[in-house]
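Each position in the sequence shown, counted from 1, maps to that position plus 3 in the working numbering.
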Amino acid sequence: MSTPRPALCDAPVVADSGESLSARNRFPGTVRSIQADGVMALVEIEAGPHLVTAAITRDAVESLGLAEGVEATAVVKATSVMVERGPDE
4 MSTPRPALCD APVVADSGES LSARNRFPGT VRSIQADGVM ALVEIEAGPH
54 LVTAAITRDA VESLGLAEGV EATAVVKATS VMVERGPDE
């Protein structure tokens with residue numbers, strides 16, 4: 004008789020903000036730059052050896068209190084990731 008496998012997740016992960024998020028890919032780091040233009044902003048987070056850039060609203064930047072040097076976590080939820088190589092490789 005085999006042991007039943009546990010469910011991947013019994014409940015969504017709760018973020019520090021208190022809201023439930025099901026995203027599991029989290030990259031804690033430090034905000035390195037913010038480029039705001041109109042209602043949108045590009046926020047670059049240095050997470051270990053990785054740089055993650057997120058396009059979010061200017062309102063989100065303000066409500067989260069984001070600024071260069073502030074600690075933040077990039078939360079990634081994607082339905083697909085594509086990988087390609089150049090024609091010479």
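The C-beta atom is built at its ideal place from N, Cα and C for all residues, glycine as well.
{"Query": "For Gly41, tell me which candidate among Arg35, Val55, Ala50, Val64 has the shortest Cα-Cα distance.", "Result": "Val64"}
{"Query": "Would you decide whether Val46 is buried or exposed? Buried here means 16 or more other CB atoms lie within 10 Å of its CB.", "Result": "buried"}
{"Query": "Quick one: complete alpha helix (DSSP H) runs, 4+ long, within the region 29 to 85?", "Result": "61 to 67"}
{"Query": "Mind checking Val86: buried by the 16 CB within 10 Å criterion, or exposed?", "Result": "exposed"}
{"Query": "Go ahead and label Val34 buried or exposed: buried means 16 or more other beta carbons lie within 10 angstroms of its beta carbon, across all protein chains shown.", "Result": "buried"}
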